[in-house]
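Protein sequences, first through last, are from chains A and B. The first sequence begins at 20 in this note's numbering and counts up by one. The second sequence begins at 4 in this note's numbering and counts up by one. For glycine and all other residues, C-beta sits at the position ideal for the given N, C-alpha and C. Keep in mind it's a predicted model, so treat the numbers as computed, not measured.
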Amino acid sequence: NAGVTQTPKFQVLKTGQSMTLQCAQDMNHNSMYWYRQDPGMGLRLIYYSASEGTTDKGEVPNGYNVSRLNKREFSLRLESAAPSQTSVYFCASSGKVTGGRLSNQPQHFGDGTRLSIL
Amino acid sequence: KNQVEQSPQSLIILEGKNCTLQCNYTVSPFSNLRWYKQDTGRGPVSLTIMTFSENTKSNGRYTATLDADTKQSSLHITASQLSDSASYICVVSAWQYGNKLVFGAGTILRVKS
Chain A
20 NAGVTQTPKF QVLKTGQSMT LQCAQDMNHN SMYWYRQDPG MGLRLIYYSA SEGTTDKGEV
80 PNGYNVSRLN KREFSLRLES AAPSQTSVYF CASSGKVTGG RLSNQPQHFG DGTRLSIL
Chain B
4 KNQVEQSPQS LIILEGKNCT LQCNYTVSPF SNLRWYKQDT GRGPVSLTIM TFSENTKSNG
64 RYTATLDADT KQSSLHITAS QLSDSASYIC VVSAWQYGNK LVFGAGTILR VKS
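Encoded structure:
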């Protein structure tokens, strides 16, 4: 039972390069999320997708784009990487959305992508 | 100011001892409060979820308490084991932000033999 799978696990980029972080879940969850985790800070939401076909900005969306490819997959793209985007990126998923708001069910996280931008 | 503050920042205890981690939050109103465990190099894993009407919830040796009046929560770990070494993260789900999660910075626990 894989749960939430993120690729790659590690990546080093040069400033200005672009890349896409991949995330897939096999739990048939409707909602998916992208977070970043920086030292000494709590996880911060970049973008989320409450259901297939919808995406919304989170707390720190600048410099990122997302695509909900299908119910299983949610990708995060850095178009022009900057050193400030050096971080650990986590993808998460959770169950059914109720009443138009994000689910109250637990979020299941992948093991992260460690991204360094030089 | 962070809306979810955790203390202590780090803690070292001997195997077999109990410990309590604290979480104070200013997010209000909220729909639920969660505790996650994050092992080094891994993603967070859910331990407990409590709604505002619940005072306590247990998951094995982990017991979370919630006082919605004082906006405080605690996570008590009983008979600690080496495998409890991890970061413990308090998370509040905020109604006013569409139930988005507000994360604390975590308490790093090290259990030594």
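8 angstroms Cβ cut-off: residues of chain A touching residue i
i: Gly63 (chain B); result: Correct list: empty, because the minimum Cβ distance to chain A is about 16 angstroms.
Rounded separation between residue i and residue j - CA only
i: Thr110 (chain B); j: Ser76 (chain B); result: 13 angstroms
i: Gly82 (chain A); j: Leu95 (chain A); result: 10 angstroms
i: Thr29 (chain B); j: Ser112 (chain A); result: 26 angstroms
i: Ile136 (chain A); j: Val107 (chain A); result: 11 angstroms
i: Cys42 (chain A); j: Asp75 (chain A); result: 17 angstroms
i: Val95 (chain B); j: Thr51 (chain B); result: 12 angstroms
i: Thr24 (chain A); j: Gln44 (chain A); result: 6 angstroms
i: Phe93 (chain A); j: Asn84 (chain A); result: 11 angstroms
i: Thr73 (chain A); j: Lys103 (chain B); result: 16 angstroms
i: Ser90 (chain B); j: Arg63 (chain A); result: 16 angstroms
Beta strand (DSSP E) segment containing residue i, residue limits
i: Leu67 (chain B); result: Residue identity differs from the one stated: residue 67 (chain B) is Ala in this sequence, not Leu. That run of the beta strand (DSSP E) goes 65-70.
i: Asn35 (chain B); result: 33-41
i: Met51 (chain A); result: 50-56
i: Val23 (chain A); result: 23-26
i: Met38 (chain A); result: 38-44
i: Thr73 (chain B); result: No beta strand (DSSP E) holds Thr73 (chain B); DSSP gives it neither H nor E.
i: Asn27 (chain B); result: 22-28
Under 7 angstroms from the C-beta of residue i: neighbouring residues of chain A
i: Ile111 (chain B); result: Result: empty, since nearest Cβ-Cβ is about 11 angstroms, beyond 7 angstroms.
Neighbour list for residue i in chain B, Cβ cutoff strictly below 9 angstroms
i: Phe109 (chain A); result: Gly46, Pro47
i: Gly35 (chain A); result: Ordered by position in chain B, no residue passes the 9 angstroms Cβ test against Gly35 (chain A), which lies about 28 angstroms from the chain.
Listed by chain order, chain A residues near residue i by CB distance under 9 angstroms
i: Ala89 (chain B); result: Ordered by position in chain A, no residue passes the 9 angstroms Cβ test against Ala89 (chain B), which lies about 13 angstroms from the chain.
Under 7 angstroms from the C-beta of residue i: neighbouring residues of chain B
i: Met60 (chain A); result: Ala108
Sequence-distant residues of the same chain with beta carbon closer than 6 angstroms to residue i, five excluded per side
i: Gly35 (chain A); result: Ser99
i: Lys33 (chain A); result: Leu137
Residues near residue i in its chain [Cβ-Cβ closer than 7 angstroms; skip 5 each side]
i: Ser88 (chain B); result: Leu112, Arg113, Val114
i: Thr105 (chain A); result: Leu134, Ser135, Ile136
Residues that residue i contacts on chain E, provided the C-beta gap is smaller than 9 angstroms
i: Val7 (chain B); result: The structure shown contains no chain E; the protein chains it does contain are A and B.
Residues of its chain near residue i, where Cβ-Cβ distance is below 8 angstroms and the 5 sequence neighbours each way are ignored
i: Cys22 (chain B); result: Leu14, Ile16, His79, Ile80, Ser83, Leu112
Say whether the stretch 91-100 of chain A touches the stretch 31-40 of chain B, bearing in mind that this needs 3 or more beta-carbon pairs closer than 8 angstroms, one atom from each stretch.
The stretch 91-100 of chain A is not in contact with the stretch 31-40 of chain B.
Would you be able to state if there are at least three C-beta pairs under 8 angstroms between the stretch 52-68 of chain B and the stretch 77-97 of chain B?
Taking 8 angstroms as the limit for Cβ pairs, the verdict is that the stretch 52-68 of chain B does touch the stretch 77-97 of chain B.
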